[in-house]
Each structure stands twice: as C-alpha cells, then as structure tokens.
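See below for the structure under consideration.
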Amino acid sequence: MTEKLIKSLGEEVGVGLPDVRISGVEPGLPSVFRLATAAAVSVGAVTAAVARYKAPERTPREVSVDVRHAAAAFMSERHFRIDGEEIGLWAPLSGDYRTSDGWVRLHCNFDHHREAALRALRLPPDADRDAVSRACESRTSVEIEDAVIREDGCAAAMRSRKEWLAHPQAEAVARTPLVALSRLDSTGPSPDRAARTGSRPLDGVRVLDLTRVIAGPVAARILAAHGAEVLRVGAAHLPEVPGLVVETAFGKRSCHIDLRTEADTLRELVRQADVVIQAYRPGSLAERGFGPEELAGLRPGVVCVEISAYGSRGPWGRRRGFDSLVQMACGIAHEGGDGTRPSPLPCQALDHATGYLAAFGAVAGLLRRRDEGGSWRVELSLARTARWLDELGRIDRAESADGEPGLGVDDLLERMDSAFGPLTYVRPPGRIEGAEPYWASPPPRPGEHLAGWATATG
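In structure tokens, the structure reads:
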C-alpha cells in the first residue's frame with residue numbers, strides 16, 4: 374500500500390520516482406488514523422524525489438524509509454530537548470473551550486492572536502483562562518469562531534466529519550490535488566540538464582524559507598538535510614514560538630528582513646534562489662509584490678511553494694489557521710473524542726505531512742524545471758492533507774488504544790552542541806544509499822546571518 378501511494382504521488386506531479394523500500398514495525402499510536410502510513414508515504418516521496426534529482430541519468434541507489442523513524446519524525450518537536458529540557462508549545466490561553474453547543478479552539482500563541490480572541494469575547498487584555506471559559510460557555514462555537522475571525526484572530530469550532538464534508542470550504546478543498554504542481558510561465562529558461570556534481574543530492578540548490586510554524590520550516594529543514602543551502606528569512610518584529618524556531622532550524626542560516634522597508638533586499642535574494650517556500654496567509658505576500666508571478670519575473674526558473682491552512686480558494690481561502698485548528702474544523706478532533714469532546718492527534722501530523730509533501734513538491738518542481746524548463750508553482754494546504762489522511766482509512770481502535778507517542782525512539786535520537794546549549798533531536802528520516810541525510814550545522818540564532826547567500830554565485 375505505502376509503495377503504491379508513493380508512486381501515485383509521483384504520477385500526480387508528473388515525475389517518475391524510483392522504488393522505495395519500506396521497513397520497520399509500525400508503532401502503536403493513540404489514534405485511529407493511519408499516521409504512520411502518512412508519515413512513511415510523505416517521507417518516502419521526498420526521499421525518492423531527491424534520489425531522482427541526484428541521479429538523473431542512471432538508476433538511483435536504494436531508497437528506503439523506516440516506518441517507526443518516519444513516525445518519530447512527525448513528533449520531532451516532542452522529542453526535542455535543549456539542555457535536557459522540553460520546549461513549550463502552547464501559550465496559556467491556547468486550547469479547547471466548551472461552548473453552549475459544543476467546543477471551540479482558540480489559538481493564542483502569538484500576542485496579536487490572543488488580543489483578537491479577547492476582543493471577540495469582550496474581555497480585558499489581562500483576562501485569564503477561567504474568564505475565557507466563562508465567556509465561551511454562553512455562546513455557540515460557530516458564533517465564537519466567526520467573532521474571532523472578524524477580529525483577525527485564529528479559532529475553529531469543532532465539527533464532525535459529516536458537517537465538514539458538507540461545508541463549502543471542504544468542497545473547494547476537495548477539488549484541489551494533494552500536491553498541486555503547475556507551470557507558472559511558458560517562456561522560462563531552457564531545460565537544465567547539467568549533471569549534479571556535488572557530493573550531496575541537493576548541493577547547489579538555494580532555498581529561501583519564508584515560513585514560521587512547523588509545516589514550512591519542516592519542508593526547508595528536510596531539504597537542508599539533503600544538502601540544499603537554506604536561508605531562513607524572518608523579521609525582528611514578527612512573533613515566533615521560540616522553541617519551534619530552534620527545533621526546525623537545523624542546517625539553515627538565518628537573517629532578518631523587514632519588508633516594510635527592505636523589500637529590495639528580499640528581491641535580490643529571490644534573484645539567486647531556486648526554491649522559495651512561503652506559508653503566510655494566501656495573498657499576503659502578493660500584496661507586497663512577492664506573488665508567484667512576480668517571483669518568476671525576478672528569477673525565471675524559480676519553484677514557488679505555497680502552504681496555507683485551508684487553501685487559497687473557497688470562502689475560507691484567506692483564513693488564517695494552524696494544525697490544531699484544522700483538526701477541529703475538519704472532523705479529526707471530533708472523531709478522536711467520539712464527538713463528546715475534542716481529542717487531537719498525538720502529534721501535529723497535518724503540519725509534518727504537509728511539510729514533507731511540500732519538500733517533495735519543491736524537488737518535483739526542480740525535476741520538471743530540469744527536464745522541461747520554466748518556472749513552477751506548488752500549492753498545498755493543511756485541510757487538503759487532512760482530507761488525504763481521512764482517505765487513508767482507519768485502523769482498529771483496539772490496536773491504537775495502548776499506543777504511547779515517543780515509545781522506543783532512543784536509537785533515533787542524536788545530539789549536537791549549539792549556541793542554545795546541547796540539543797537532542799530526531800535525526801532526519803529517509804535513506805538514500807551512500808547519501809544519507811544529515812544536518813551539517815546546528816540551529817543558528819534568529820537573524821544571526823547577513824541577508825545573502827553563503828556560496829559564491831556561479
């Protein structure tokens with residue numbers, strides 16, 4: 374099943390993939406959803422695409438994925454330690470709240486999202502969790518969701534699978550491919566048939582990482598593990614989840630650019646990039662002159678990867694969202710809790726699957742560019758990934774009931790010194806014979822580097 378799913382992903386984007394050997398025992402995870410299968414498929418797809426990129430003219434070396442390792446990678450932030458300490462993932466007000474007719478989830482990890490939620494609930498800026506709970510109890514879940522969205526915040530009412538499938542946004546999501554790869558122009562550069570001369574599969578590939586929370590950073594991180602030069606672009610004034618920034622920054626460099634005053638600096642970086650990954654709300658970067666068409670104009674041959682919560686089309690096409698919210702909206706949390714209360718997946722599986730699939734789409738775009746020329750666009754959404762996970766089917770609830778996330782991963786962990794202290798992390802999953810992935814450098818401090826490429830322009 375897993376091997377066929379990987380092959381079908383290649384067919385979807387028009388790329389022939391080498392065979393992938395799937396090994397290892399599927400771990401018991403506390404979920405009826407096929408999380409380990411989703412992990413093995415998404416990791417296998419990007420690993421196979423990288424192997425194809427490394428060896429375009431000959432049969433690639435053996436490609437393999439260990440199912441348990443892939444599943445552990447989907448929980449990488451939960452296994453990550455800084456000087457032996459876990460990282461914080463949730464702000465005090467983030468979480469699920471009972472409403473008059475069900476449940477709603479508020480995402481308050483960023484200050485401006487917390488402030489938006491409190492405005493929507495007509496609460497003071499210093500309101501605590503008990504006050505938020507009381508304010509939610511007298512209102513319906515959709516009423517709260519709508520009010521928070523109107524204030525530019527992030528929230529999701531808990532919906533059943535049936536309710537979601539009947540929603541207009543679910544219909545819009547269903548009409549899109551899981552990994553939507555399309556050509557941006559018909560006059561791009563000629564096919565690039567130059568042989569890969571570097572020692573690592575993605576040597577010479579430059580990736581601009583314009584993302585912040587899990588899915589996009591995971592995509593850029595796995596590309597770095599295969600040798601790509603990844604420059605993560607943030608801004609000093611934008612909020613972050615500090616621990617997640619460190620955990621997803623292995624193998625990258627980091628700079629700060631304020632688009633309000635330094636847009637030309639980003640344009641110069643784009644002109645020398647091969648891949649640009651962005652996960653801002655649909656349309657946000659386009660409003661600043663960095664939409665996919667503009668990027669292709671700056672750098673003919675670029676591969677633009679766009680990640681969103683609910684897709685760029687439909688009534689929620691510009692809605693902000695995060696993994697935990699999409700799980701609530703799409704029926705996953707409802708099913709996990711038997712409809713009585715939300716019970717999320719044991720990991721941010723939508724983020725991680727979308728991240729590995731985004732990296733797969735990026736390499737697929739590079740392969741199509743090499744074979745056909747042109748600039749390429751890759752579109753993915755957490756909601757479309759949720760639909761794919763749903764389509765994978767279920768496992769017997771009894772088989773998943775005793776599973777424990779993180780069970781038996783010590784042999785998958787490695788350690789590295791960094792400016793933050795000693796780090797313990799899950800090493801990158803997926804294997805290419807003779808070209809195993811690894812991160813060549815520890816996470817940098819945010820904004821540590823100049824806004825430029827480390828390697829000389831060829």
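According to the working numbering, the stretch in the sequence shown is residues 374 to 831, in order.
Even for Gly, the Cβ is constructed at its ideal location relative to N, Cα and C.
Distance from the Cα of residue 712 is smallest, within the candidate group 533, 622 and 386, for 533. At a cut-off of 4 residues, the continuous stretches assigned as alpha helix (DSSP H) that sit fully inside the stretch 637-686 are 665-671. About 13 Å separates the beta carbon of residue 723 from that of residue 709, a gap too long to meet the 8 Å contact definition. Fully contained in the stretch 557-625 are the following alpha helix (DSSP H) runs of length 4 or more, in chain order: 588-598 and 615-620. Under DSSP, residue 531 forms no beta bridge with any residue. With respect to the C-alpha of residue 558, the residue from 439, 675 and 700 having the closest C-alpha is 675. Contact between residue 514 and residue 474 holds, since their C-beta atoms are separated by about 6 Å, short of 8 Å. By the Cβ neighbour-count rule, residue 757 is buried, with 16 or more other Cβ atoms within 10 Å of its own. Residue 581 and residue 649 do touch by the CB rule: their CB atoms are close to 5 Å apart, below 8 Å. The residue among 454, 529, 452 and 736 with its C-alpha nearest the C-alpha of residue 490 is 529. For residue 546, the uninterrupted alpha helix (DSSP H) run begins and ends at 541-547, by DSSP. It is roughly 43 Å from the alpha-carbon of residue 687 to the alpha-carbon of residue 571. Within the DSSP bridge table, the entry for residue 765 names no partner.
With a beta-carbon spacing of about 11 Å, residue 393 and residue 423 fall beyond the 8 Å limit used to define contacts. Residue 377 counts as exposed, since fewer than 16 other beta carbons sit within 10 angstroms of its beta carbon.
Rounded to whole angstroms, residue 667 and residue 501 show a C-alpha spacing of 44 Å. Between residue 615 and residue 411, the alpha-carbon positions lie close to 27 Å from each other. Secondary structure of residue 388 (DSSP, three-state): coil. A contact between stretches requires three or more CB pairs, one per stretch, nearer than 8 Å, and the stretch 812-828 meets this requirement with the stretch 625-640. DSSP places residue 414 outside any beta strand (DSSP E); the residue lies instead in the alpha helix (DSSP H), whose first and last residues are 408-427. Counting only unbroken stretches of 4 or more residues, the alpha helix (DSSP H) elements lying wholly within the stretch 462-497 are 484-493, in sequence order. Of the other Cβ atoms in all chains shown, fewer than 16 fall within 10 Å of the Cβ of residue 398; this residue is therefore exposed.
The residue from 428, 652 and 734 with its alpha-carbon nearest to that of residue 574 is 428.
Taking 8 Å as the upper bound for CB-CB distance, residue 762 and residue 478 are not in contact here, some 18 Å apart. The residue from 737, 662 and 670 with its alpha-carbon nearest to that of residue 425 is 737.
Annotation: the continuous alpha helix (DSSP H) that includes residue 507 extends over 502-510. In this structure, DSSP gives residue 796 an extended state, which the three-state scheme calls strand. According to the DSSP secondary-structure assignment, residue 439 is paired through a beta bridge with 396.
Within its own chain, the residues whose Cβ lies closer than 6 Å to the Cβ of residue 631, once the five positions on either side in sequence are excluded, are 608, listed in chain order. Annotation for residue 753: the continuous beta strand (DSSP E) segment containing it runs 749-754. Only residues of its own chain outside the window of five on either side were considered, and among them 552, 554, 734 and 737 have a CB closer than 7 Å to the CB of residue 386, listed in chain order. The beta-carbon distance between residue 564 and residue 745, rounded to whole angstroms, is 6 Å. This is short enough to meet the 8 Å contact definition.
Put simply, the backbone Cα of residue 670 is about 12 Å away from that of residue 641. Straight through space, the alpha carbons of residue 509 and residue 634 are spaced by roughly 40 Å. The residues 709, 718, 719 and 773, in chain order, have a CB closer than 7 Å to that of residue 404 in the same chain once the five nearest residues on each side in sequence are set aside. For residue 481, same chain residues with a beta-carbon under 7 Å away, outside a window of 5 residues either side, are 464, 466, 467, 487 and 490 in chain order.
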